[in-house]
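Asker: Dropping a structure here in structure tokens format, bear with me for questions.
In this note's numbering, the protein residues as written are 9 to 238.
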């Protein structure tokens with residue numbers, strides 16, 4: 009990657025989601041490069057569970073290194089990672105799932121939140137408590153679904169998961185929306201949409217749209233960042 013112009017650094021938990029975010033940005037004409045903090049979902053989960061301080065320190069070092077290399081913006085394309093690390097606005101502007109939650113949750117009365125692990129679920133719950141404490145949230149974490157998506161067949165992973173039945177139950181409960189609060193789940197959005205009539209909030213897709221708009225408008229340096237501890 010030496011000498012390559014990078015406008016946006018895509019920081020995520022594994023090569024799959026960092027690569028997915030990078031591909032989505034490049035498809036929109038944005039110069040982007042992937043930065044994975046772990047080699048697999050198992051390794052990422054282990055770091056988040058057992059070495060969160062080391063993971064956070066590594067994340068901060070990466071932000072400062074990217075700034076030194078004059079990268080303009082970072083996109084945290086991993087919901088669980090965004091819940092574990094702090095986003096140091098003094099290092100580099102960051103667009104993160106937490107910023108999306110803050111905007112989306114107050115507009116909804118209730119939701120089914122689908123995540124890849126409990127850290128991601130905690131990030132959504134924490135944000136809901138701070139921004140809209142009356143929001144009714146049913147949270148579901150499915151690490152095995154994430155591993156199935158990483159295996160290369162998202163449709164088969166969706167069909168083998170609990171989600172078809174869970175989505176029907178969410179409709180029966182009268183929930184207003186389904187929040188795909190794991191960037192891996194962007195890959196199964198078509199099958200989620202075909203399985204229910206609920207509004208779908210694709211956090212990964214919203215992140216990409218925001219970054220593309222920021223780059224095109226030349227306002228990346230004025231983007232606000234969110235701290236996981238705020």
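From the three backbone atoms N, C-alpha and C, an ideal C-beta is built for every residue, glycine too.
(1) Do residue 93 and residue 215 have their C-beta atoms closer together than 8 Å?
(2) Could you check which residue in 218, 205 and 123 has the C-alpha nearest to that of residue 193?
(3) If you draw a straight line from the C-alpha of residue 82 to the C-alpha of residue 37, how long is it?
(4) Straight-line CA distance for residue 166 to residue 52?
(5) List in chain order: all unbroken alpha helix (DSSP H) runs of 4+ residues lying wholly within the stretch 118-146.
(6) What are the boundary residues of the alpha helix (DSSP H) that residue 14 is part of?
(7) Evaluate the contact criterion for the stretch 137-146 versus the stretch 175-190: three or more CB pairs, one atom per stretch, below 8 Å.
(8) Three Cβ pairs or more, each shorter than 8 Å: is that satisfied between the stretch 151-160 and the stretch 68-79?
(9) Taking 8 Å as the threshold (C-beta atoms), are residue 28 and residue 191 in contact?
(10) The alpha helix (DSSP H) spanning residue 41 covers which residue range?
(11) Within its chain, find whatever has a CB closer than 6 Å to the CB of residue 203; leave out the 5 residues flanking it on each side and keep chain order.
(12) When you compare each of 218, 158 and 209 to residue 26 by their alpha carbons, which one comes out closest?
(13) Once the 5 residues before and after residue 218 are set aside, which same chain residues still bring their CB inside 6 Å of it?
(14) Shortest alpha-carbon distance to residue 66 belongs to which of 46, 168 and 200?
(15) Beta carbon of residue 307, beta carbon of residue 196: below 8 Å?
(16) Opposite residue 82 in the DSSP bridges: which residues?
(17) Out of curiosity, what's the CA-to-CA distance linking residue 30 and residue 140?
(18) Does residue 220 come out as helix, strand or coil in the three-state DSSP assignment?
(19) Out of curiosity, what's the CA-to-CA distance linking residue 43 and residue 213?
(20) Among 69, 223 and 15, which residue has its Cα nearest to the Cα of residue 99?
(21) According to DSSP, is residue 149 helix, strand or coil?
(22) So, helix, strand or coil for residue 181, using DSSP?
(23) By DSSP, does residue 112 sit in helix, in strand, or in coil?
(24) Note the first and the last residue of the continuous beta strand (DSSP E) segment covering residue 207.
Answerer: Let me lay it out:
(1) The residue you call residue 93 lines up with position 85 of the chain shown. The residue you call residue 215 lines up with position 207 of the chain shown. No, the pair does not count as a contact, with Cβ atoms beyond the cut-off.
(2) In the chain shown, residue 193 corresponds to position 185, counting from 1. Measuring from the Cα of residue 193, the nearest candidate turns out to be 123.
(3) Numbered from its first residue, the chain shown carries residue 82 at position 74. Numbered from its first residue, the chain shown carries residue 37 at position 29. Computed Cα separation, rounded: 16 Å.
(4) In the chain shown, the residue the question calls residue 166 occupies position 158. In the chain shown, the residue the question calls residue 52 occupies position 44. Spanning the two alpha carbons is a distance of roughly 21 Å.
(5) 126-139
(6) To locate residue 14, count along the chain shown from 1; it is residue 6. Taken as a continuous stretch (DSSP letters only), residue 14 belongs to no alpha helix (DSSP H), as it is neither H nor E.
(7) yes
(8) no
(9) Here the question's residue 191 lines up with position 183 in the chain shown. Here the question's residue 28 lines up with position 20 in the chain shown. Yes; because the gap between Cβ atoms is below 8 Å, this pair is in contact.
(10) The sequence position of residue 41 within the chain shown is 33, counting from 1. Residue 41 -> not in any alpha helix (DSSP H); beta strand (DSSP E) instead, spanning 40-44.
(11) Counted from its first residue, the chain shown places residue 203 at position 195. Excluding positions up to five away in sequence, the list reads 172 and 175.
(12) For the purposes of this step, residue 26 is identified with residue 18 of the chain shown, where counting begins at 1. Measuring C-alpha to C-alpha distances from residue 26 to each of 218, 158 and 209 identifies 158 as the nearest.
(13) By 1-based counting over the chain shown, the position of residue 218 is 210. Correct list, in chain order: 103.
(14) Within the chain shown, the letter at position 58 stands for residue 66. When only C-alpha atoms are compared, the closest one is 46.
(15) Absent from the structure is residue 307, since the part of the chain shown begins at 9 and ends at 238.
(16) As a first step, residue 82 must be located in the chain shown, where it is residue number 74. For residue 82, which the question treats as bridged, DSSP gives the partners 17 and 102.
(17) By one-based count along the chain shown, residue 30 stands at place 22. By one-based count along the chain shown, residue 140 stands at place 132. Approximately 32 Å between the Cα atoms of the pair.
(18) In the chain shown, counting from the first residue as 1, residue 220 sits at position 212. In this structure, residue 220 counts as helix in the three-state DSSP scheme.
(19) Taking the first residue of the chain shown as 1, we reach residue 43 at position 35. Taking the first residue of the chain shown as 1, we reach residue 213 at position 205. Rounded to the nearest angstrom, the two C-alpha atoms are 18 Å apart.
(20) In the chain shown, residue 99 corresponds to position 91, counting from 1. Here the closest residue by C-alpha is 69.
(21) Looking up residue 149 in the chain shown gives position 141. Here residue 149 sits in strand by DSSP.
(22) Residue mapping note: residue 181 aligns to position 173 of the chain shown, counting from 1. Residue 181 sits in coil when the DSSP states are folded into three classes, being neither helix nor strand.
(23) As a working mapping, residue 112 is identified with position 104 in the chain shown. Residue 112 falls in the helix class under three-state DSSP.
(24) Within the chain shown, numbered from 1, the residue matching residue 207 stands at position 199. DSSP places residue 207 inside the beta strand (DSSP E), whose first and last residues are 207-210.
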